[in-house]
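Take a look at the structure below.
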Amino acid sequence: MQGRLVRDGVELAYRCVGNGPDVVMLVHGWMMSGAVYDDLAEAFGGGAENRYRLVIPDLRGAGQSEKPESGYTLAAYAADVLAVADAVGARSFVLVGHSMGGQLAQWIASSAPRRVRGAMLLCPVPASGMALPEEAKALFRNSGGNRQAQETILGMACKDLSASARERLLDVAGAIPASCIEETFDAWTGGGFAERLGAIRTPTLVVATDDPFLPPDFLRNEIVAHIRNAELSYLPGAGHYVQVERPRETAALLRAFLAGLSG
0 MQGRLVRDGV ELAYRCVGNG PDVVMLVHGW MMSGAVYDDL AEAFGGGAEN
50 RYRLVIPDLR GAGQSEKPES GYTLAAYAAD VLAVADAVGA RSFVLVGHSM
100 GGQLAQWIAS SAPRRVRGAM LLCPVPASGM ALPEEAKALF RNSGGNRQAQ
150 ETILGMACKD LSASARERLL DVAGAIPASC IEETFDAWTG GGFAERLGAI
200 RTPTLVVATD DPFLPPDFLR NEIVAHIRNA ELSYLPGAGH YVQVERPRET
250 AALLRAFLAG LSG
């Protein structure tokens, strides 16, 4: 099912997979759209059809959502996610966030704790933000509309990305405006809300991989150590796009996490 809504003058698109009563919100990260969860949604399979409803928004600037010239902040993105939850009638939901989407999940879980039943963070950016070397910073921030630069970024971040998956992700990235790439990069690298992590009480699973930018020890120190009910799970062999590189394993982790919440 496809859906649309307008928040703050910006039209947002989302889709739902499955008809179950329990909503699982899948939030994508920088330089991507909700399409980054296609493989995971397929691997999740019957669970979405029976008990769960996967809700997959395109954040403003990405996918089928409107692409304004500016306004790409963490606060705006978090409000967009909550607006999508309202649109599908989800008073509470489980959050799955990848990369910057994992950072947004930390924002939402700390600011709207009664709405978040659990949070699964896939290679998440910390709430504190993330410093990059100057050369990498320039490459990332100025990659809008530059397929070669975006391919270089994927090559740096991924460990086991097929050629077909790489092309799909590059097609998604290529449709995102340069202004969105730049402003959103500034937002997630800046972070700036680490002090709020202590307010999170919801069960939280941080999924780490062999991501060269966000290794397990870094995520343990920057995120897990600051959230009361957080645990870390390590999935070897994959890089930053774990749900694309290891969709079946990621789906299995999600099913186990959801089962734990229900139990």
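Numbering (numbering that gives the first Met the number 0), first residue to last: 0 to 262.
Here a beta-carbon is modelled for each residue, glycine too, at the ideal position from N, C-alpha and C.
Quick caveat: nothing in here was measured; it's all calculated off a predicted structure.
For this session: Can you tell me which of Phe256, Ala255 and Glu248 puts its alpha carbon nearest to the alpha carbon of Ala42?
Result: What you label residue 42 is simply residue 43 of the sequence shown in a count that begins at 1. If we check each option's Cα against that of Ala42, Glu248 comes out closest.
Exercise. Which two residues bound the contiguous alpha helix (DSSP H) that contains Gln105?
Worked result: Translated into the one-based positions of the sequence shown, residue 105 becomes position 106. Run containing Gln105: Met99 to Ser110, per the alpha helix (DSSP H) assignment.
Exercise. Does DSSP put Cys179 in a helix, in a strand, or in coil?
Worked result: Translated into the one-based positions of the sequence shown, residue 179 becomes position 180. Helix.
For this session: State the beta-bridge partners of Cys15 as determined by DSSP.
Result: By 1-based counting over the sequence shown, the position of residue 15 is 16. Paired residue(s): Val54.
Exercise. Does DSSP put Gln147 in a helix, a strand or coil?
Worked result: The count along the sequence shown starts at 1 and reaches residue 147 at position 148. Helix.
For this session: Please confirm if the stretch 244–258 is in contact with the stretch 214–225, defined as three or more CB-CB distances below 8 Å between the two stretches.
Result: no
Problem set entry | Between the CA atoms of Arg114 and Ala164 - distance to the nearest angstrom | Indexing the sequence shown from 1 puts residue 164 at position 165. Indexing the sequence shown from 1 puts residue 114 at position 115. So the alpha carbons of these two residues sit roughly 33 Å apart.
Exercise. Is the shortest distance between the beta-carbon of Lys158 and the beta-carbons of chain D less than 8 Å?
Worked result: Protein chains in the displayed structure number just one, and chain D is not present.
Exercise. Which same chain residues, not among the five before or five after Tyr71, have their C-beta less than 8 Å away from its C-beta?
Worked result: Here residue 71 refers to the residue found at position 72 of the sequence shown. These residues qualify, in order along the chain: Arg59, Gly60, Ser178, Cys179, Glu182, Thr183 and Ala186.
Problem set entry | DSSP-derived helix/strand/coil call for Phe192 | Within the sequence shown, numbered from 1, the residue matching residue 192 stands at position 193. The answer is coil: DSSP assigns Phe192 none of H, G, I, E or B.
Problem set entry | Through-space distance from Ser261 to Gly144, alpha-carbon basis | Numbered from 1 along the sequence shown, position 145 holds the residue referred to as residue 144. Numbered from 1 along the sequence shown, position 262 holds the residue referred to as residue 261. Distance between the alpha carbons of Gly144 and Ser261: 43 Å.
Exercise. With DSSP run on the structure shown, which of helix, strand or coil describes Val171?
Worked result: In the sequence shown, the residue the question calls residue 171 occupies position 172. The answer is helix: DSSP assigns Val171 an H, G or I state.
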